[in-house]
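Residue numbers (our numbering), protein chains in the order written: chain L, 485 to 596; chain U, 3 to 117. Quick notes on the structure that follows.
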C-alpha cells in the first residue's frame, strides 16, 4: 500500500509563475513531512519540511502547506525559475524514527 | 566538507551473482539509511543503522538482502543471488542522529542492473 502519494507524475509551468506540487498521505501517525529535490544522476537534496503542529512553513521562494484533516500537503514555488526543473519527492515520517516514506515523485519543468 | 559517497556508481551483474554496495557517510553522522528507487517509482526504505546496530530492517525485501555497518562509518549492502527485479538505484543517506527533523543527506546512488 502506498502511504504517501503524489498523483501528478509531471508538471510544466512558465518561468516566473507559481508551481504547486501536491502530496497525499494515508497514515495518521505521520507527524513530520519533507520535500526533497532530485536532479538526474544525483541523490535527493532536502528542500523544506513541516511539523504536524504547523500548517505552513516558508523558506524564501518555497512554502509548504499542511492540511491534516485532509491528509494533504503542497509545495508552492514562487516565482518558478528554470533551475527549479527537477523531480520533487514528498516524504513523511513518524516522530520516533528518522525513517522516511516517499511518494513517487513529480517531475517539474519550468520553461523560460 | 565531504558529502555521502557511494561505490560503485554503476554495477552490471548477471542474475544469480552476489553484489556488494558501499556507502561512506558524512563523518560524525551516527545514523545511516539505505533506500532504493526502482524505475518510475519513489524511494523505498530498506534499513537504517544507529551506530552499528540496525533497529529497523523492515524494508529489506527478502533474506537475500543484508547490510552491515562498521562503527559509525562505512556500510555495505549485500544482495545475494541477484534477480532482475533487484535492478534499481540504491541510495544511502546519513544524518547526525536517527530522529525526525534531522536532515538526511543522500549520496549519488549506485545504479544496479541485473541481466
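Don't be surprised by glycine CBs; every beta carbon is placed ideally from N, CA and C. Keep in mind it's a predicted model, so treat the numbers as computed, not measured.
Give the secondary structure of residue 87/U by DSSP, where H, G and I count as helix, E and B as strand, and everything else as coil. Looking up residue 87/U in the second chain gives position 85. Looking at residue 87/U - three-state DSSP - the assignment turns out to be helix.
Quick one: which chain L residues come within Cβ less than 7 Å of residue 97/U? Position 95 of the second chain, counted from the first residue, corresponds to residue 97/U. Correct list: 582.
Going by C-alpha to C-alpha distance, which of 28/U, 21/U, 17/U sits closest to residue 109/U? Here residue 109/U refers to the residue found at position 107 of the second chain. For the residues 28/U, 21/U, 17/U, the minimum Cα distance to residue 109/U belongs to 28/U.
Could you name each continuous beta strand (DSSP E) segment of 3 residues or more that falls completely within the stretch 501-589 of chain L, going from the start of the chain to the end? List check, beta strand (DSSP E) in window: 503-509, 516-522, 529-535, 540-543, 546-551, 556-561, 570-577.
Within chain U, the residues that residue 588/L reaches when beta carbons sit closer than 9 Å: For this step, residue 588/L is matched to residue 104 along the first chain. Those within 9 Å of residue 588/L in chain U are 42, 43, 44.
Three-state secondary structure assigned by DSSP to residue 594/L: Reading the first chain from its first residue, position 110 is the one you call residue 594/L. Strand at residue 594/L.
What three-state label does DSSP hand residue 57/U in the structure shown? If you number the second chain from 1, residue 57/U lands on position 55. Correct three-state label for residue 57/U: strand.
Selected residue, minimal CA-CA separation from residue 47/U, among 55/U, 56/U, 35/U: Within the second chain, numbered from 1, the residue matching residue 47/U stands at position 45. Of the candidates 55/U, 56/U, 35/U, the residue whose Cα lies closest to the Cα of residue 47/U is 35/U.
Which stretch, first to last residue, makes up the beta strand (DSSP E) that contains residue 113/U? Here the question's residue 113/U lines up with position 111 in the second chain. Note, residue 113/U: beta strand (DSSP E), 112-116.
Count the other CB atoms within 10 Å of the CB of residue 40/U; is the residue buried (16 or more) or exposed (fewer)? On the second chain, position 38 is the one that residue 40/U refers to. Residue 40/U comes out exposed.
Buried or exposed: residue 494/L, going by 16 or more other Cβ atoms within 10 Å of its Cβ? The residue you call residue 494/L lines up with position 10 of the first chain. By the neighbour-count criterion, in which 16 or more other beta carbons inside 10 Å mark a residue as buried, residue 494/L falls on the exposed side.
State the DSSP-derived secondary structure class of residue 65/U, mapped to helix, strand or coil. As a position in the second chain, residue 65/U is number 63, starting the count at 1. It is coil, neither helix nor strand.
What does a CB cutoff of less than 6 Å around residue 83/U pick up in its chain, not counting 5 residues either side in sequence? As a position in the second chain, residue 83/U is number 81, starting the count at 1. Same-chain partners within the cutoff: 18, 66.
Reduced DSSP secondary structure (H/G/I, E/B, other) of residue 20/U: The residue labelled residue 20/U in the question sits at position 18 within the second chain. Here residue 20/U sits in coil by DSSP.
Closer than 8 Å, Cβ to any Cβ of chain U: which residues of the stretch 522-542 of chain L, in chain order? 525, 526, 527, 528, 529, 530, 533, 535
Quick one: grab the DSSP three-state call for residue 486/L. Along the first chain, one-based indexing puts residue 486/L at 2. Three-state result, residue 486/L: coil.
Using a Cβ-Cβ cutoff of less than 7 Å, which residues in the same chain neighbour residue 111/U once the five nearest sequence positions on both sides are dropped? Position 109 of the second chain holds residue 111/U. So the qualifying residues of the chain are 8, 91, 92, 93.
State the beta-bridge partners of residue 70/U as determined by DSSP. In the second chain, the residue the question calls residue 70/U occupies position 68. Note: residue 70/U sits in a beta bridge opposite 78/U.
Spatial neighbours of residue 58/U in its chain, beta-carbon cut-off 6 Å, leaving aside the 5 residues before and after: On the second chain, residue 58/U is found 56 positions in, with the first residue counted as 1. The residues are 50.
By the 9 Å beta-carbon criterion, what residues does the stretch 559-578 of chain L contribute toward chain U? For the stretch 559-578 of chain L, the set of residues with a beta-carbon nearer than 9 Å to any beta-carbon of chain U comprises 573, 574, 575, 577, 578, in chain order.
Measuring only between beta-carbons, confirm whether residue 30/U sits less than 8 Å from chain L. Position 28 of the second chain, counted from the start, is the residue given in the question as residue 30/U. Answer no: the Cβ-Cβ gap between residue 30/U and chain L never drops below 8 Å.
Below-8 Å beta-carbon distance, residue 516/L vs any chain U residue: In the first chain, residue 516/L corresponds to position 32, counting from 1. Judged by the 8 Å Cβ criterion, residue 516/L is in contact with chain U.
Run through DSSP, which three-state label would residue 46/U get? Indexing the second chain from 1 puts residue 46/U at position 44. Correct three-state label for residue 46/U: strand.
Out of 88/U, 96/U, 22/U, point me to the one whose CA is closest to residue 6/U's CA. If you number the second chain from 1, residue 6/U lands on position 4. The shortest Cα separation from residue 6/U among 88/U, 96/U, 22/U belongs to 96/U.
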